[in-house]
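What the sequence shown shows, in our numbering, is residues 1424 to 1632, in sequence order.
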Amino acid sequence: MDSVCSLTAGGARPRLGIVTASTRPGRMGPVVSGWLVQRVREHRGFEVDLIDLAAVSLPFLDEPNHPQLQRYMHEHTRQWSERVNNLDAFVMVVPEYNFGMAPTLLNALNFLFREWAYAPVGFVSYGGVSGGTRGVQMAKQVVTTLKMMPIPESVTLPFAPSLLSADGQLAPSLAMELAAAAMLDELQRWELALRRLRQRNREPGPVGA
Ligand SMILES: Cc1cc2nc3c(=O)[nH]c(=O)nc-3n(C[C@H](O)[C@H](O)[C@H](O)COP(=O)(O)O)c2cc1C
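Written out as structure tokens, the structure reads:
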């Protein structure tokens, strides 16, 4: 897609949040996210905010009010809200744990509501034989409740450790590289199509007004 036509009114590229969902020591997530950052730079359609949930370090949801009200009691929630609210599209980089989505991602999603709405979201998943796709299917159910638009184009990395080169970098197949480009093209289309809705939703007033 021609990236020029999707520039914002201020002439900037839309901002893509790449969310590394895994947080455990020795995790593979940052390697996968690092590879994706390079694909986004080559694609040239987005600015990147690389979000490592291990660094964001949210506790289990500890807000007393429903996030829809945006009456946040904790500084960590206010910071998370501000960061997400500044982004136009997302890619969740997700492993699969016990055939399910990473609980860290579910927790990070649950902290907010309005901030996620009308943002398109793609998935890069990795794991064993399923390539993390069962976890992605579970995540799609959650993100649609937050009014995000999950796009079908995705990157699936089965037997992910076998895709690591000797120096520990991700070395996926050509098909996986092409899948990343297709996902970014589609995210760009949806970001542009949803922009007005997203902007209006982020103005003060009732949700979805
Ligand atoms: C608790 C746990 C559960 C797992 N369950 C699955 C699974 O259901 N399907 C799968 O393909 N891989 C599973 N794996 C293997 C992960 O896909 C693999 O360890 C991957 O590297 C995890 O991502 P991370 O290293 O970024 O945490 C599991 C790993 C852990 C630690």
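Where a beta carbon is used, it is the ideal one built from N, C-alpha and C, also for glycine.
Backbone CA spacing between residue i and residue j [nearest angstrom]
i, j, result
"Leu1510", "Pro1490", "18 Å"
"Gln1502", "Asn1533", "15 Å"
"Glu1626", "Ser1585", "46 Å"
"Met1606", "Gln1592", "21 Å"
"Ala1604", "Leu1535", "29 Å"
"Gln1697", "Thr1579", "Nothing can be reported for residue 1697: it is not among the residues displayed for the chain, which extend from 1424 to 1632."
"Glu1470", "Glu1486", "30 Å"
"Leu1587", "Arg1612", "31 Å"
"Lys1563", "Val1442", "15 Å"
"Gly1440", "Met1496", "24 Å"
"Ser1504", "Leu1601", "33 Å"
"Arg1467", "Ala1435", "11 Å"
"Ala1542", "Pro1448", "30 Å"
Beta-bridge partners of residue i, as assigned by DSSP
i, result
"Leu1593", "Leu1587"
"Arg1438", "Glu1470"
"Met1496", "Looking at the DSSP assignment, Met1496 forms no beta bridge with any residue, so it has no partner."
"Gly1523", "Tyr1520"
"Ser1548", "Val1517 and Thr1579"
"Pro1482", "Answer is none; Pro1482 lacks a bridge partner."
"Met1572", "Pro1543"
Assumed close pair residue i, residue j - CB separation to whole angstroms, cut-off 8 Å
i, j, result
"Glu1519", "Gly1555", "4 Å"
"Met1634", "Met1524", "This structure gives no information on residue 1634, because the portion of the chain shown stretches from 1424 to 1632."
Residue span of the alpha helix (DSSP H) that contains residue i, given as start and end
i, result
"Val1565", "Thr1556 to Thr1568"
"Thr1527", "Pro1526 to Asn1533"
"Ala1542", "Careful: Ala1542 lies outside any alpha helix (DSSP H) and carries neither H nor E."
Chain C within 8 Å of residue i, Cβ atoms only
i, result
"Leu1484", "No chain C is part of this structure, which consists of one protein chain only."
Terminal residues of the beta strand (DSSP E) in which residue i lies
i, result
"Leu1580", "Val1578 to Leu1580"
"Ala1478", "Taken as a continuous stretch (DSSP letters only), Ala1478 belongs to no beta strand (DSSP E), being part of the alpha helix (DSSP H) at Leu1476 to Val1479."
"Pro1518", "Ala1512 to Pro1518"
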